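Trainee: Here you go, one structure.
Protein chains: 2
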Amino acid sequence: MNAPDTDPPEQHSLRVRRLGIDTYREPIIYMREDCHICRSEGFEARSRIKVTVGGRSIVATLNILRDSLLDPGDLGLSDAAWRLLQPREYDLAFLSHPEPLSSLSYVRAKIYGHSLSESQLNSIMQDIVAGRYDDVHLSAFITACAGSRLNIDEVVALTRSMINTGSRLKWQQPVLVDKHCVGGLPGNRTTLIIVPIVAAAGLAMPKTSSRSITSPAGTADTMEQLAPVDLDLDQMQEVVNREGGCIVWGGAVHLSPADDILIAVERELDIDSEEQLIASVLSKKAAAGSTHVIIDIPVGSTAKIRSMNTARSLADTLVQVGGEIGLNVRARITDGEQPVGRGIGPALEARDVLAVLRGEAEAPQDLRERALELAGDVLELSGSLADGEGYERARALLDDGSAWHKFQAICAAQGGMRQPGVAAHRIDVEAEVDGVVASIDNRRLATIAKLAGAPQAPTAGIDLKVRRGTRVNAGDILFTLHAEAPGELDYALGYARSQKGVIAISPEPASQPAWG
Amino acid sequence: MNAPDTDPPEQHSLRVRRLGIDTYREPIIYMREDCHICRSEGFEARSRIKVTVGGRSIVATLNILRDSLLDPGDLGLSDAAWRLLQPREYDLAFLSHPEPLSSLSYVRAKIYGHSLSESQLNSIMQDIVAGRYDDVHLSAFITACAGSRLNIDEVVALTRSMINTGSRLKWQQPVLVDKHCVGGLPGNRTTLIIVPIVAAAGLAMPKTSSRSITSPAGTADTMEQLAPVDLDLDQMQEVVNREGGCIVWGGAVHLSPADDILIAVERELDIDSEEQLIASVLSKKAAAGSTHVIIDIPVGSTAKIRSMNTARSLADTLVQVGGEIGLNVRARITDGEQPVGRGIGPALEARDVLAVLRGEAEAPQDLRERALELAGDVLELSGSLADGEGYERARALLDDGSAWHKFQAICAAQGGMRQPGVAAHRIDVEAEVDGVVASIDNRRLATIAKLAGAPQAPTAGIDLKVRRGTRVNAGDILFTLHAEAPGELDYALGYARSQKGVIAISPEPASQPAWG
Numbered sequence: 029m030n031a032p033d034t035d036p037p038e039q040h041s042l043r044v045r046r047l048g049i050d051t052y053r054e055p056i057i058y059m060r061e062d063c064h065i066c067r068s069e070g071f072e073a074r075s076r077i078k079v080t081v082g083g084r085s086i087v088a089t090l091n092i093l094r095d096s097l098l099d100p101g102d103l104g105l106s107d108a109a110w111r112l113l114q115p116r117e118y119d120l121a122f123l124s125h126p127e128p129l130s131s132l133s134y135v136r137a138k139i140y141g142h143s144l145s146e147s148q149l150n151s152i153m154q155d156i157v158a159g160r161y162d163d164v165h166l167s168a169f170i171t172a173c174a175g176s177r178l179n180i181d182e183v184v185a186l187t188r189s190m191i192n193t194g195s196r197l198k199w200q201q202p203v204l205v206d207k208h209c210v211g212g213l214p215g216n217r218t219t220l221i222i223v224p225i226v227a228a229a230g231l232a233m234p235k236t237s238s239r240s241i242t243s244p245a246g247t248a249d250t251m252e253q254l255a256p257v258d259l260d261l262d263q264m265q266e267v268v269n270r271e272g273g274c275i276v277w278g279g280a281v282h283l284s285p286a287d288d289i290l291i292a293v294e295r296e297l298d299i300d301s302e303e304q305l306i307a308s309v310l311s312k313k314a315a316a317g318s319t320h321v322i323i324d325i326p327v328g329s330t331a332k333i334r335s336m337n338t339a340r341s342l343a344d345t346l347v348q349v350g351g352e353i354g355l356n357v358r359a360r361i362t363d364g365e366q367p368v369g370r371g372i373g374p375a376l377e378a379r380d381v382l383a384v385l386r387g388e389a390e391a392p393q394d395l396r397e398r399a400l401e402l403a404g405d406v407l408e409l410s411g412s413l414a415d416g417e418g419y420e421r422a423r424a425l426l427d428d429g430s431a432w433h434k435f436q437a438i439c440a441a442q443g444g445m446r447q448p449g450v451a452a453h454r455i456d457v458e459a460e461v462d463g464v465v466a467s468i469d470n471r472r473l474a475t476i477a478k479l480a481g482a483p484q485a486p487t488a489g490i491d492l493k494v495r496r497g498t499r500v501n502a503g504d505i506l507f508t509l510h511a512e513a514p515g516e517l518d519y520a521l522g523y524a525r526s527q528k529g530v531i532a533i534s535p536e537p538a539s540q541p542a543w544g
Numbered sequence: 029m030n031a032p033d034t035d036p037p038e039q040h041s042l043r044v045r046r047l048g049i050d051t052y053r054e055p056i057i058y059m060r061e062d063c064h065i066c067r068s069e070g071f072e073a074r075s076r077i078k079v080t081v082g083g084r085s086i087v088a089t090l091n092i093l094r095d096s097l098l099d100p101g102d103l104g105l106s107d108a109a110w111r112l113l114q115p116r117e118y119d120l121a122f123l124s125h126p127e128p129l130s131s132l133s134y135v136r137a138k139i140y141g142h143s144l145s146e147s148q149l150n151s152i153m154q155d156i157v158a159g160r161y162d163d164v165h166l167s168a169f170i171t172a173c174a175g176s177r178l179n180i181d182e183v184v185a186l187t188r189s190m191i192n193t194g195s196r197l198k199w200q201q202p203v204l205v206d207k208h209c210v211g212g213l214p215g216n217r218t219t220l221i222i223v224p225i226v227a228a229a230g231l232a233m234p235k236t237s238s239r240s241i242t243s244p245a246g247t248a249d250t251m252e253q254l255a256p257v258d259l260d261l262d263q264m265q266e267v268v269n270r271e272g273g274c275i276v277w278g279g280a281v282h283l284s285p286a287d288d289i290l291i292a293v294e295r296e297l298d299i300d301s302e303e304q305l306i307a308s309v310l311s312k313k314a315a316a317g318s319t320h321v322i323i324d325i326p327v328g329s330t331a332k333i334r335s336m337n338t339a340r341s342l343a344d345t346l347v348q349v350g351g352e353i354g355l356n357v358r359a360r361i362t363d364g365e366q367p368v369g370r371g372i373g374p375a376l377e378a379r380d381v382l383a384v385l386r387g388e389a390e391a392p393q394d395l396r397e398r399a400l401e402l403a404g405d406v407l408e409l410s411g412s413l414a415d416g417e418g419y420e421r422a423r424a425l426l427d428d429g430s431a432w433h434k435f436q437a438i439c440a441a442q443g444g445m446r447q448p449g450v451a452a453h454r455i456d457v458e459a460e461v462d463g464v465v466a467s468i469d470n471r472r473l474a475t476i477a478k479l480a481g482a483p484q485a486p487t488a489g490i491d492l493k494v495r496r497g498t499r500v501n502a503g504d505i506l507f508t509l510h511a512e513a514p515g516e517l518d519y520a521l522g523y524a525r526s527q528k529g530v531i532a533i534s535p536e537p538a539s540q541p542a543w544g
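These protein sequence lines are chains X and D, in that order. For the first sequence, the numbering used here gives the first residue as 29, with consecutive numbering after it. For the second sequence, the numbering used here gives the first residue as 29, with consecutive numbering after it.
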C-alpha cells in the first residue's frame, strides 16, 4: 500500500490567542465547538493534542468552548501552554494527534511490578520534563513507585535520570559542601547560620534554597528579609567566588525540573515516599555541584518523619544512594517535636537568625545549638577537620563574630543587607489554665501562621513564647500573632481559638520527647 | 478556646455564570485574579474548592482568569460543574476550603500494600461518585489496585461498593438473564440476536447496552439503526413486561456511576486490570437486577484478552465473584482472532444482524453460530433447559422465525422498527498480491472504520469481504470502505493505505488461530 495523502497544513492550523487563564502547570488549549479541526480530527474535550508553533511542540489537553470566547480560526492557550510554546499573538499553530508515549509502557511495567532500568527511567523523566505527562500519567508513575516498590538500583537510576534531565552547575572549587533538611519544621532556619560559619572556615557553600510552597516560610523567603535572593547563575557564582557562600533562591536555576513536577503531585496525594524523597534531595544536590552534603532529619509526632525507624532507614539509604552517585552524604537525626527558635514566618525567623549571629543574650538557644551541630558536621564531613572537632570550631567562629561578619559580607555581595520589618497588627494568645506545656503541634501552628498571611505577608506569623516543659499560669502569653492586615489577624485568631491542643498544657511535667 | 468568629456569608459568595467551557467530566471553576475571595482564602490555580449553590455542593478545581472574561463578583463554571450544581444563572455560590477527604487515607493504605475493607472501598466509591476525586486521586486509586494488588475479597467488596453507590433496578420476574462481552471485537453484535431468541423462549432479558466510546460501534449504536434506544426506566420496564426483552442504551440509568468514572481513567492509562474489569462488569449486571449472566470472552492476538491463560483466569474469577454477590455466572471463551460478521460500523452491523434473524442464505455464519452458542448458554444457565439442550433450542427458535418475529415486536415496543441506511460514498480496498488471508488486525480495522466516521456517521464503516483462510488474487476486494462524506472516505483510505498487514496475505495457508 502507498503512503497516505496528507492534507495541506493550512487545514490543520489555527491562530494562537492568549486567553489569560492560569491552569497552574497543565497546558490547556481551547477550541471552538464548531472548529473544523475539532470535527475532522475527532478531537473532543480532554483529547491530548500535539500543538506546534514555530520550532516548539507541546502536548496539551483540549477544552471545548461553546460560546463566543474565541473567533473562528483561533486557538486559545492557557498561560502554561503559552509559556511552553513562547509564541507571538496570532502565530499559526499546527495541530495533530500526538505520537504514542512509549515511556508509558514502562510506567505500566512498573504498575505490574517489574523493575525499571536507568534508560527506561530516563525516558520517563524526559517525557515528564517535556510536559507530555498529564496528571493521570504522573499520578500513576508516583503511585506505582511508592510503597517501597523501587529497589536501591532503581532509586539510584531515578536520581541519575532526574539529574540528567535538568541543568547542572559547574564550579572550580574541588570541594563544595551543602546542607539539607528533609522535614518542614517551623522556624528551623539553621541554614542562614551554617552558611556564614562554614564560609568563614574557608569552605565553599553555594546554597540554593526554596521558597515556601505549603509552609509559612521557606529558607529563601526568610533570607529575602535580609538580602536579595533572586540571583542568576552568574551573580551567584560571583558571590561564592568572593565570599565562599551564598543563600539564594534556587527556583530560577532548574536543577531538577522533573522533581519539581513530581513533587506537586506527591503533595496532592500526601504521599511521602522515601525513595522519591531520596531521589528528589540528592538529584538537586548533585545537579548543584555539591560534593559533601549533611542531611538534617527532624523526627517528631507532628513532623514529616514520625518515627526513629523511618528516620534511620532514610538516613542509611541517603548515604548509600549518595555514594552511588558520587556524593559524600552524612545524616543527622534531630528533635522534631516542636518548632525551632521563636519566630514562624519570614521576618520573625530572620529576627531569630540575626540574634544568634550577633550573639545576643536572648537569642533562641535551640536554633543556635542545632546550627552549631550541623555546621560542625559540615566541617568534619568535608575533611577539613577531624571527627569530634567540628562543633567546637563552629562555635568559635560564631562566638568570635567571624560568622556574623561573613553573613553581612554575603548579604552585601547579594545586593545589600536590610533589616526585617515588624507587623503592624499583633495579638496575644494566652493560656487558659495553669500547667506545663506538654506538646506543641508543628502542623497546626504552621497553619495558623499561614492564615495570618505568611509568607506572602512577610512580617506575618507567630512569635512563640513557650517550649515543651515551660510552666505557665492561666493568662500567660503562649504566642503572639503577627499580621499585616486586621482581617488576616482575625482569621488566624478565629482558627487558633477553634483548635484544641495546638499547645497542650497538662498539670503534669512534660514527658520526654519521643525521639530522645 | 472559643468558637471562631466566622465571616458573614456574603463575603464568600459570588454569582455563578456558565462559561460554555467543556472540560469533559472534571468540574472547573473560574475566578478573577483580583477576586477578594481568591485573595483572602489564599486560593490559587489548581486549588480544590468547595462550591455550594442552593442545596448542592461539589469540589471543583480553580482556574484563575487574568483578563476580563468575567465581571467582578462572578464565578465561572465549566459545563461539568454546571451539570453537577444545576444552578440558575446568577445564583449565589458560596466558596470554602473543602473538608479533607478521609477516604484518601484508604487509597494511601492501598498504595502501601494494605488490604481494604468493604466499608473503606464504599467510602472511596462515594467520594468518587460525588466528584470529590480529581484525576490525580483517581489515577492513584486505579494504579494502587492494578497489577493483581486486589485479593478476591477486595474484588467482591469493590463490586459491592460499586453497586451500592448507584441506582439498582427492581423487577417482578424471579429470573432475569443477561449476556456481556468483555472484549471489543469489531462486528460482534450477537446481543441483537440473543435477546429475541431468549425472549421468544419465555425468559426475561432486559438488556442495557453501551454506546461506543473508543470503538466504531457499541451495541446501542447498532440497535439504534433499527429502533429507538433512548428509553427511560419506565419505558424499558414496559417493553420487557410486554415482550420479555429489550435492547436499550444504559447510559441514562446510572447503574454503576463509579465505574463510569474509573473506566475513563483506565482507558487513558491503557490499563486492563482483571480485578477492575470484573468489578465493572458484575456491578453493572447486579445493579441491573440480573440473576443469571453469560460472559463472552473473545481471545485473540489483536483482541482485548490475548492469551488463553488470561481468559481462563478471568473466567474463573468472574464465576467466583459472581457467586459471592449472588449472581449465577457462566463464561464462554470464544475466537477473537478476527472480526465477527462482515460489517463494522452501526448500519453495516445492523444489516448483518437482520440477515441472520431473517435466515437469509448469505447471512454471516460466524455471527449466527456465536449467537446460537451464547443464546444456548443463557437458556441452560437460567435452568429452563438441561445442559446440552440450549443450542438446539436456540437454533429452532431462530430457524422457525420466532426470534425474527420477537425482534420486530421488541423494536415496535421500543418505538418502531426502521431500516439501516447505506453510505453514499464507498470505495474498495483490494489485495495487492495472490495468497491466503493469514491474519486480520482487529484494532487497526476498528481505527479505519472510525476514521471513515463511525459511529457518529452511522452508515460509515467497513464491509469486510474476506476471513482468515480466504484465498485471494491480486485485485480481489478485501473490504469496502463506507463514508458519509468524501473527506472522511479519503482520510480513512489514506490511513488504510499507509498501514502494512492490516489484512495480511501469505503465500501459505493460514495457521490455526492461537485460541483453538
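Glycine is no exception: its CB is placed at the ideal position from the N, C-alpha and C atoms. Bear in mind the structure is a predicted one, so any value in this text is a computation, not a measurement.
(1) Note down, in chain order, each residue of its chain lying with its Cβ closer than 7 Å to the Cβ of I17 (chain D), except the 5 sequence neighbours on either side.
(2) When we look at the beta-carbon of I180 (chain D) and count the other beta-carbons within 10 Å, is it buried (16 or more) or exposed?
(3) Relative to the C-alpha of G211 (chain X), which candidate in X:R379, X:K478, X:V327 has its C-alpha closest?
(4) With DSSP as the reference, label L220 (chain X) as helix, strand or coil.
(5) Mind checking D102 (chain D): buried by the 16 CB within 10 Å criterion, or exposed?
(6) Evaluate contact between the segment 344-358 of chain D and the segment 465-482 of chain D, counting only Cβ atoms and requiring at least three cross-stretch pairs below 8 Å.
(7) Could you name the residues of the same chain whose beta carbon sits closer than 8 Å to that of L42 (chain D), not counting the 5 residues immediately before and after it, in chain order?
(8) Using 8 Å as the threshold, is the segment 481-489 of chain X in touch with the segment 222-238 of chain X, meaning 3 or more CB pairs across them?
(9) If you scan the segment 426-488 of chain X from start to end, which runs of the beta strand (DSSP E) of 3 or more residues do you find wholly inside it?
(10) Could you pull out every unbroken alpha helix (DSSP H) segment of at least 4 residues lying fully inside the segment 366-423 of chain D, listed in chain order?
(11) Mind checking if V494 (chain D) is an interface residue toward chain X, Cβ cutoff 8 Å exclusive?
(12) Is there contact here, the segment 403-422 of chain D with the segment 242-252 of chain D, by at least three beta-carbon pairs under 8 Å?
(13) Taking all protein chains shown into account, do 16 or more other C-beta atoms lie within 10 angstroms of the C-beta of H510 (chain D), making it buried, or fewer, making it exposed?
(14) Could you tell me whether the Cβ atoms of L90 (chain D) and R116 (chain D) are closer together than 8 Å?
(15) Which residues in chain D sit within 9 Å of L297 (chain X), going by Cβ to Cβ distance?
(16) How is the beta strand (DSSP E) around S41 (chain D) delimited, first residue to last?
(17) Would you say R74 (chain X) faces chain D, with C-beta separation under 8 Å as the test?
(18) For a cutoff of 8 Å on Cβ pairs, would you count D50 (chain D) as touching chain X?
(19) Please compile the residues from chain D whose C-beta is within a distance smaller than 8 Å of the C-beta of R360 (chain X).
(20) Output, in sequence order along the chain, the residues in the segment 171-190 of chain X whose CB is closer than 7 Å to any CB in chain D.
(21) In chain order, what residues of the segment 85-111 of chain X put their CB closer than 7 Å to some CB of chain D?
(22) Between which residues of its own chain and S151 (chain X) is the CB-CB distance below 8 Å, once the five residues before and five after are set aside?
(23) Could you check the C-alpha separation between H433 (chain X) and A383 (chain X) for me, to the nearest Å?
(24) Please report how far the alpha carbon of R370 (chain X) lies from the alpha carbon of T242 (chain X), in whole angstroms.
(25) Identify which residue in X:T236, X:E271, X:V381, X:V368 has its Cα closest to the Cα of A314 (chain X).
(26) Measure the Cβ-Cβ separation of L231 (chain D) and V268 (chain D) and say whether it is below 8 Å.
(27) Which same chain residues, not among the five before or five after P234 (chain X), have their C-beta less than 6 Å away from its C-beta?
(28) Just the chain D side, please: which residues come within less than 8 Å of V293 (chain X) by C-beta, in chain order?
(29) Pick helix, strand or coil for S335 (chain D), following the three-state DSSP scheme.
(30) Can you name the residues that DSSP bridges to L226 (chain X)?
(31) Please classify K138 (chain D): is it buried, with 16 or more other beta-carbons within 10 angstroms of its beta-carbon, or exposed?
(32) Which residues in the same chain as S284 (chain D) place their Cβ atom closer than 6 Å to its Cβ, once the five residues preceding and following it in sequence are excluded?
(33) Do L97 (chain D) and L97 (chain X) come within 8 Å of each other at the CB atom, strictly closer than that value?
Mentor: In terms of the structure at hand:
(1) Summary: the structure shown does not reach residue 17 (chain D), with chain D confined to residues 29 through 544, and so no result is reported for it.
(2) Here the question's residue 180 (chain D) lines up with position 152 in the second sequence. Exposed, because fewer than 16 other Cβ atoms sit within 10 Å of the Cβ of I180 (chain D).
(3) For this step, residue 211 (chain X) is matched to residue 183 along the first sequence. Comparing Cα-Cα distances from G211 (chain X) to each of X:R379, X:K478, X:V327, the minimum goes to X:V327.
(4) Stepping through the first sequence from its first residue, residue 220 (chain X) is reached at position 192. Looking at L220 (chain X) - three-state DSSP - the assignment turns out to be helix.
(5) For the purposes of this step, residue 102 (chain D) is identified with residue 74 of the second sequence, where counting begins at 1. Under this definition D102 (chain D) is a buried residue.
(6) Because the criterion of three Cβ pairs below 8 Å is not met, the segment 344-358 of chain D and the segment 465-482 of chain D do not touch.
(7) One-based indexing of the second sequence puts residue 42 (chain D) at position 14. Around L42 (chain D): M59, C63, I65, G101, D102, L103, L120, A121, L123.
(8) no
(9) 453-458, 463-468
(10) 374-385, 393-409
(11) As a working note, residue 494 (chain D) is residue 466 in the second sequence. Chain X contact via Cβ: absent.
(12) no
(13) Reading the second sequence from its first residue, position 482 is the one you call residue 510 (chain D). Buried, because 16 or more other Cβ atoms sit within 10 Å of the Cβ of H510 (chain D).
(14) Locating residue 90 (chain D) in the second sequence gives position 62, where the first residue counts as 1. Locating residue 116 (chain D) in the second sequence gives position 88, where the first residue counts as 1. No. Outside cutoff.
(15) Taking the first residue of the first sequence as position 1, residue 297 (chain X) is located at position 269. What L297 (chain X) touches in chain D: L132, V135, R136, I139, V164, H165, A168.
(16) By one-based count along the second sequence, residue 41 (chain D) stands at place 13. Per DSSP, S41 (chain D) belongs to the beta strand (DSSP E) from 41-46.
(17) Taking the first residue of the first sequence as position 1, residue 74 (chain X) is located at position 46. R74 (chain X) counts as touching chain D.
(18) Looking up residue 50 (chain D) in the second sequence gives position 22. So, interface residue.
(19) What you label residue 360 (chain X) is simply residue 332 of the first sequence in a count that begins at 1. Ordered by position in chain D, no residue passes the 8 Å Cβ test against R360 (chain X), which lies about 27 Å from the chain.
(20) Cβ contacts with chain D: T171, A172, A174, G175.
(21) N91, I92, L93, R94, D95, L97
(22) Sequence index remark: in the first sequence, residue 151 (chain X) carries index 123 (1-based). Contacts found: S130, S131, Y134.
(23) Counting from 1 along the first sequence, the entry for residue 433 (chain X) is found at position 405. Counting from 1 along the first sequence, the entry for residue 383 (chain X) is found at position 355. Rounded to the nearest angstrom, the two C-alpha atoms are 13 Å apart.
(24) Walking along the first sequence from the start, residue 370 (chain X) turns up at place 342. Walking along the first sequence from the start, residue 242 (chain X) turns up at place 214. Straight-line Cα distance between these residues: approximately 20 Å.
(25) Counted from its first residue, the first sequence places residue 314 (chain X) at position 286. Closest by alpha carbon: X:T236.
(26) Within the second sequence, residue 231 (chain D) is the residue found at index 203, counting from 1. Within the second sequence, residue 268 (chain D) is the residue found at index 240, counting from 1. Contact flag unset, no.
(27) By one-based count along the first sequence, residue 234 (chain X) stands at place 206. The answer, listed in chain order, is V268, C274.
(28) Counted from its first residue, the first sequence places residue 293 (chain X) at position 265. Within chain D, the residues near V293 (chain X) are V164.
(29) Along the second sequence, one-based indexing puts residue 335 (chain D) at 307. Coil at S335 (chain D), not helix or strand.
(30) By 1-based counting over the first sequence, the position of residue 226 (chain X) is 198. Strictly speaking, residue 226 (chain X) in this sequence is Val, with Leu absent from that position. Answer is none; V226 (chain X) lacks a bridge partner.
(31) Along the second sequence, one-based indexing puts residue 138 (chain D) at 110. Buried, since its Cβ has 16 or more Cβ neighbours within 10 Å.
(32) Numbered from 1 along the second sequence, position 256 holds the residue referred to as residue 284 (chain D). Taken in chain order, the residues that qualify are M190, G194, S311, K312, A315.
(33) Within the first sequence, the letter at position 69 stands for residue 97 (chain X). Within the second sequence, the letter at position 69 stands for residue 97 (chain D). A contact, by the Cβ cut-off of 8 Å.
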